[in-house]
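Novice:
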Amino acid sequence: MIRRKGPVFCLETPNTTLVIKADTAEYLYYGKKLVSGGGFEPFFGSPRKIFSQYGGDDYTEYSVLLENADGGMSTAFAFSKCKILTEKPEIAGLPSSYGTGKTLELKYVDLPTKAALYLYYTVFDDSDVIAVSSKLVNGSKKEMHVRRLASVQLDLMGDYSFVTFEGTWARERQKISREIGKGVFYNDSKKGGSSHDRNPFVIAEGEDGVYGFNLIYSGNHKELLEQTQSGRARIVCGINDFMFRWALAPGEEFASPEAVMCYAPSEDALSLAMHAFISEHIVRGKWKKRERPVLVNNWEGTYFDFNEEKILNIARAAKETGVELFVLDDGWFGNRCDDRRALGDWFDNEEKTGGGLKHLADKIREMGLDFGIWVEPEMINEDSELYRSHPNFAMKVPGREPTRMRNQLCLNLADEKVQNYVMRVISDVIARSGASYVKWDYNRMLTDPFGKNIPQGEYFHRYMLGYYRIVSRITKKFPSVLFEGCSGGGGRFDLGNFCYFQQYWTSDDTDARERLKIQAGSSYGYPQTVMGAHVSACPNHQTGDSNPLETRFNIACGGLLGYELDMSKLTEDEMKTVAAQIAFYKENRKLLQFGDHYRLGDAFGGNMAGFMTVSKDKNTAIAVVSASEYIICGPVPSISFKGLNPSAVYEVTTREQVNYKNVLSFTAGGDLLMNAKLPLHDLYSDTQSWENSRRLYTRMFIFKKVKS
Ligand code: GLA
3 MIRRKGPVFC LETPNTTLVI KADTAEYLYY GKKLVSGGGF EPFFGSPRKI
53 FSQYGGDDYT EYSVLLENAD GGMSTAFAFS KCKILTEKPE IAGLPSSYGT
103 GKTLELKYVD LPTKAALYLY YTVFDDSDVI AVSSKLVNGS KKEMHVRRLA
153 SVQLDLMGDY SFVTFEGTWA RERQKISREI GKGVFYNDSK KGGSSHDRNP
203 FVIAEGEDGV YGFNLIYSGN HKELLEQTQS GRARIVCGIN DFMFRWALAP
253 GEEFASPEAV MCYAPSEDAL SLAMHAFISE HIVRGKWKKR ERPVLVNNWE
303 GTYFDFNEEK ILNIARAAKE TGVELFVLDD GWFGNRCDDR RALGDWFDNE
353 EKTGGGLKHL ADKIREMGLD FGIWVEPEMI NEDSELYRSH PNFAMKVPGR
403 EPTRMRNQLC LNLADEKVQN YVMRVISDVI ARSGASYVKW DYNRMLTDPF
453 GKNIPQGEYF HRYMLGYYRI VSRITKKFPS VLFEGCSGGG GRFDLGNFCY
503 FQQYWTSDDT DARERLKIQA GSSYGYPQTV MGAHVSACPN HQTGDSNPLE
553 TRFNIACGGL LGYELDMSKL TEDEMKTVAA QIAFYKENRK LLQFGDHYRL
603 GDAFGGNMAG FMTVSKDKNT AIAVVSASEY IICGPVPSIS FKGLNPSAVY
653 EVTTREQVNY KNVLSFTAGG DLLMNAKLPL HDLYSDTQSW ENSRRLYTRM
703 FIFKKVKS
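With positions in the sequence shown counted from 1, the corresponding number in my numbering is that position plus 2.
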């Protein structure tokens with residue numbers, strides 16, 4: 003809902019209000035919902051601006067920087083007009099949120115250059131998340147250059163800590179909270195992809211609550227917080243201005259990616275709002291609200307070393323345990339026997355597939371499993387048919403040795419010819435295999451951004467426009483296919499990708515202890531509905547640690563369950579355990595995948611951590627609780643739960659695990675379960691626990707409401 007009183011616009015969401023004074027481009031208020039309805043005049047003259055520009059006496063980080071035709075960079079954008087739109091405008095070439103709501107369009111003009119700046123604020127009927135974007139239009143007769151165009155600027159007053167989600171390959175999205183005092187701190191990616199290192203989701207936390215920001219973009223991004231001596235805290239988020247210089251011919255426009263922002267009183271409330279928004283306004287298509295299949299992926303089970311027999315053995319064992327989808331990972335194409343060759347050669351390796359992709363896929367389907375396929379469409383190995391025939395498809399700077407990562411180069415997706423080629427060959431793989439699931443990988447970031455006739459300052463963004471052109475067309479062409487994104491695990495885990503891929507491989511690290519943290523960090527900004535989570539073999543291939551099969555399953559229940567090991571090698575007992583796990587998961591799948599998801603304890607400090615998923619009606623819930631180490635004579639491990647109905651009574655049981663035969667069972671009030679600490683005396687009584695001091699101890703609790 004958007005209400006107008008003269009120049010003042012109140013943008014209302016179910017629980018928040020944002021107040022903007024359009025003529026002076028001021029924020030008057032953003033926070034908890036206002037119900038009194040007015041009295042804004044005394045608040046006019048606010049130093050909190052909705053955009054900022056170079057020129058004038060505001061030296062705080064700016065959101066807009068335009069290079070005029072004469073090379074000058076000062077502008078003085080001043081109010082021109084405003085409109086409330088009932089249809090949310092599309093952002094040409096870029097993914098964006100969708101749904102019913104209202105959009106406030108504000109226009110500011112720089113008279114000497116005739117450049118126009120548009121800002122868009124969309125409020126949806128059912129979400130506390132507000133979508134914000136901006137656009138520059140060249141109204142003059144001369145070319146100008148965009149040097150910076152942020153998607154959103156929010157000015158606050160006071161001191162905020164800046165929370166970011168940082169890491170590396172196999173250690174993505176670890177939560178870091180920083181007090182920055184006075185000064186400026188930024189979180190960014192210059193890698194061409196949103197990166198493992200610094201996710202675009204950030205939070206500013208202050209006494210008044212928390213403000214979360216994210217970007218619907220998968221390329222270079224930048225989110226900064228600057229706190230000045232005058233007490234202003236400015237947050238600016240958008241496409242990274244690193245190497246950025248975009249030419250605008252007369253009449254042309256440049257649109258920023260869309261950002262989202264949300265005010266909430268607590269981190270938990272912010273996460274719930276972000277989860278609901280992503281599930282409703284970002285993820286789309288047939289799989290939006292469908293329960294996701296339990297899959298088996300052969301990667302950690304075989305790596306490149308497989309043939310038809312091995313694959314069918316894994317599939318057979320998987321089928322016996324209740325798995326629904328078989329995913330054939332890397333190595334099925336061209337001469338792909340290791341990671342040094344064949345990327346780009348998307349034709350069947352007859353030997354490894356025993357007669358072609360369709361042949362193998364059909365055999366798997368005959369077993370009653372769905373078939374899924376791995377592809378890495380944006381890449382090329384120099385040792386490939388594709389490179390030999392089209393060396394100019396690779397991204398390289400002429401006359402310079404390109405940087406290789408995992409022995410591969412990137413394709414020059416800024417070139418339409420290359421885009422068309424990728425669309426054609428990948429569509430053919432999906433069509434000829436009849437795959438109902440596609441894992442779209444991207445195993446390295448960009449290092450040699452260059453394309454003939456593409457200005458250097460435009461390259462990174464033109465790559466993204468090419469990438470989005472491809473994924474939007476392919477996902478539209480195959481509307482029934484479930485797409486899972488991947489980037490060496492979670493290297494491009496962002497809202498841009500979730501507009502096309504309904505789920506994402508969260509991390510290549512499948513160790514339960516590490517996963518607990520990675521999934522907890524991811525859950526601040528993203529729902530469990532997008533997080534692939536697999537049970538893999540032990541000792542774990544990334545960390546060398548061993549954890550019980552039940553622990554690995556419990557932790558994988560924090561996302562979309564899969565198995566990633568050679569299931570044909572499971573013992574009879576392990577087969578029974580896995581079958582019981584999958585049966586339990588399927589019975590509770592709707593709750594686990596689509597319930598309200600909370601973090602328990604603290605995965606980034608302290609000994610107790612876990613998660614909890616609560617049904618929308620709060621009648622049922624499942625929690626997984628873990629203690630990261632056994633402390634001799636230490637405090638009794640204990641936990642409080644979240645999200646229950648405080649006045650209801652719940653029957654609480656623990657899932658029978660092979661390592662915990664003693665099932666706990668009791669009834670207790672929702673308020674008690676959430677406010678008191680439940681002691682878990684037997685958490686360490688796992689009979690195998692002495693084998694490995696780094697073992698992760700977990701239990702799973704099931705809640706059923708018995709009285710309102
Ligand atoms: C990446 C992915 C893995 C697997 C390999 C295959 O590392 O994250 O899951 O698909 O590529 O090469």
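Using N, Cα and C, we set each Cβ at its ideal position, and we do this for glycine too.
As the structure is a computational prediction, the values presented were derived from the model and not from experiment.
#1: Give the range of the alpha helix (DSSP H) segment to which L274 is assigned.
#2: Do you know offhand how far Y29's Cα is from E378's?
#3: May I have the straight-line CA-CA distance separating R292 from S135, to the nearest angstrom?
#4: On the CB-based measure, 16 or more other CB atoms within 10 Å of its CB, does N542 come out buried or exposed?
#5: Looking at the unbroken alpha helix (DSSP H) that takes in D364, where does it start and where does it end?
#6: Which of the three DSSP states, helix, strand or coil, is assigned to T689?
#7: Would the beta-carbon of D341 be found less than 7 Å away from any heavy atom of the ligand GLA?
#8: So, for S538: in the same chain, excluding its five sequence neighbours on each side, which residues have a beta-carbon less than 6 Å away from its beta-carbon?
#9: Below 8 Å, how does it come out for the stretch 92-105 and the stretch 139-149: are there three or more Cβ pairs, yes or no?
#10: Would you check if the stretch 493-500 and the stretch 230-246 touch, i.e. whether three or more CB-CB distances between them fall below 8 Å?
#11: D510: beta carbon under 7 Å from a heavy atom of the ligand GLA?
#12: Under the assumption that R200 contacts D190 (Cβ atoms under 8 Å), give the Cβ distance between them as a whole number of angstroms.
#13: On a CA-only basis, which of G487, R247, L330, R342 is nearest H361? Give me that one, please.
#14: Which first and last residues belong to the alpha helix (DSSP H) in which S482 is found?
#15: For I366, which residues in the same chain have their Cβ closer than 7 Å to its Cβ, ignoring the five residues on either side in sequence?
#16: First and last residue of the alpha helix (DSSP H) that includes S1?
#17: Can you name the residues that DSSP bridges to N661?
#18: Got a sec, what are the start and stop residues for the alpha helix (DSSP H) S429 sits in?
#19: How close, in whole Å, do the beta carbons of Y711 and S474 come, if the pair is a contact with beta carbons under 8 Å?
#20: With a threshold of 8 Å, are at least 3 pairs of Cβ atoms found where one atom belongs to the stretch 431-446 and the other to the stretch 470-486?
#21: With a threshold of 8 Å on Cβ separation, who are the neighbours of I178 within its own chain once the five nearest residues in sequence on each side are excluded?
#22: Going by Cα to Cα distance, which pick from G183, A433, S509, S628 is closest to T700?
#23: Using only CA atoms, which one of E282, A416, M447, Y506 lies nearest to H463?
#24: Per DSSP, D712 is paired with what?
#25: Would Y162 pass as a contact of A235 if the rule is Cβ separation under 8 Å?
#26: At what residues does the alpha helix (DSSP H) containing G498 begin and finish?
#27: Just to confirm my understanding: we take F308, look at its own chain, exclude 5 residues before and 5 after, and list those with CB closer than 7 Å. What are they?
#28: What's the gap between the Cα of D25 and the Cα of L121?
#29: Tell me whether the beta-carbon of G95 lies closer than 8 Å to the beta-carbon of A78.
#30: Relative to the ligand GLA, what is the chain-ordered list of residues with a Cβ closer than 6 Å to any of its non-hydrogen atoms?
#31: Taking the alpha-carbon of L227 as reference, which of Q155, L675, C264, W248 has the nearest alpha-carbon?
#32: Exposed or buried, which one is K51 when buried takes at least 16 other CB atoms within 10 Å?
#33: Between the Cα of E352 and the Cα atoms of D112, Y32, F335, I428, which residue gives the shortest distance?
#34: Could you compute how far the alpha carbon of P648 sits from the alpha carbon of K620?
#35: Nearest-angstrom Cα distance between A172 and G491?
#36: Going along the chain, which residues of its own chain have a beta-carbon closer than 7 Å to the beta-carbon of T405, five neighbours each way excluded?
Specialist: The structure says:
#1: 269-279
#2: 44 Å
#3: 30 Å
#4: buried
#5: 359-368
#6: A caution first: T689 carries a pLDDT of 47, below 50, which makes its placement in the model unreliable, though a value can still be read off. Here T689 sits in coil by DSSP.
#7: yes
#8: E302, T512, E566, L567
#9: no
#10: no
#11: yes
#12: 6 Å
#13: L330
#14: First-last for S482: undefined, no H or E at that position.
#15: A317, F328, F373
#16: What the structure shows of the chain is the stretch from 3 to 710, and residue 1 is not part of that stretch, so it cannot be assessed.
#17: Answer by DSSP bridge pairing: none, since N661 is not bridged.
#18: 418-435
#19: This structure gives no information on residue 711, because the portion of the chain shown stretches from 3 to 710.
#20: yes
#21: V165, T166, F167, E168
#22: S628
#23: A416
#24: Beyond the ends of the chain as shown, which are 3 and 710, falls residue 712; an answer cannot be given.
#25: yes
#26: 497-500
#27: N300, G333, K354
#28: 13 Å
#29: no
#30: W301, D331, D332, W376, D443, N445, C488, G490, G491, W507, D510
#31: Q155
#32: buried
#33: F335
#34: 10 Å
#35: 7 Å
#36: T449, D450
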